[in-house]
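Below is one structure, written out as structure tokens, with a few remarks after it.
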Amino acid sequence: MGIAGRSSERLDLVLPEGNMPLANVRAEVRRLLLGMHENVVVDVMVVATELVSNAYHHGAPPRRVRILRLPEREVVRVEVDDGTPGRFPQLGRMGFLGRRQRGLLLVNGLAQVWGHYRYPDLKTVWADVSSVR
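Quick note: the sequence shown, position 94, residue 94 per UniProt numbering, numbers continuous.
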């Protein structure tokens, strides 16, 4: 996992091929959001984990994650890119069977709003998590 950019308001990570670096992503989120309410930090870590997991399970390289503190909008935005522009995120259904397809349900519950952008060579799935508690 390579850090493409970091400031007090922004984190940009290039994600490696192979194993998902979820623990590293969560550690970087915690570092960026130091000083914010713990519930905000945990919510952003969960959203980032789910979106990165989806990029590995349903997308292709290149993969990238950006975390942006947007104090003027009172949100933290999580953006995850992958190289599969034709495959869109789909909200699963809650059920007792199966371990998969619940990630976007978590994102949907924790984020104020989420969605995706499609570009010629990639897509970005994004979610805005409230930074106010």
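All C-beta atoms, glycine included, are put in the ideal place defined by N, C-alpha and C.
CB contact flag (residue i, residue j, <8 angstroms)
{"i": "leucine 110", "j": "isoleucine 67", "result": "no"}
{"i": "alanine 48", "j": "valine 29", "result": "yes"}
{"i": "arginine 64", "j": "leucine 13", "result": "yes"}
{"i": "glycine 92", "j": "leucine 105", "result": "yes"}
{"i": "valine 107", "j": "glutamate 50", "result": "yes"}
{"i": "aspartate 43", "j": "valine 129", "result": "yes"}
{"i": "leucine 122", "j": "aspartate 82", "result": "yes"}
{"i": "leucine 15", "j": "valine 52", "result": "yes"}
{"i": "glutamate 9", "j": "arginine 69", "result": "yes"}
Bridge partner(s) assigned by DSSP for residue i
{"i": "valine 78", "result": "Ile67, Ala127"}
{"i": "valine 14", "result": "Gly2, Arg64"}
{"i": "valine 41", "result": "Paired residues: none, contrary to the question."}
{"i": "valine 113", "result": "Asp128"}
Spatially closest choice to residue i from the options, by CA coordinates
{"i": "arginine 77", "options": "Ala60, Met20, Val40", "result": "Val40"}
{"i": "glutamate 72", "options": "Arg6, Leu11, Ser131", "result": "Ser131"}
{"i": "proline 62", "options": "Val129, Glu17, Val113, Pro120", "result": "Glu17"}
{"i": "alanine 27", "options": "Met36, Asn19, Gln112, Met45", "result": "Met45"}
{"i": "histidine 58", "options": "Val80, Gln112, Glu38, Ala127", "result": "Val80"}
{"i": "threonine 84", "options": "Ala55, Asp43, Asp128", "result": "Ala55"}
{"i": "glycine 103", "options": "Ala127, Arg118, Pro120", "result": "Ala127"}
{"i": "methionine 20", "options": "Pro89, Val113, Arg6, Gly2", "result": "Gly2"}
Three-way DSSP call (helix, strand, coil) for residue i in this model
{"i": "tyrosine 119", "result": "coil"}
{"i": "valine 132", "result": "coil"}
{"i": "glutamate 72", "result": "coil"}
{"i": "threonine 49", "result": "helix"}
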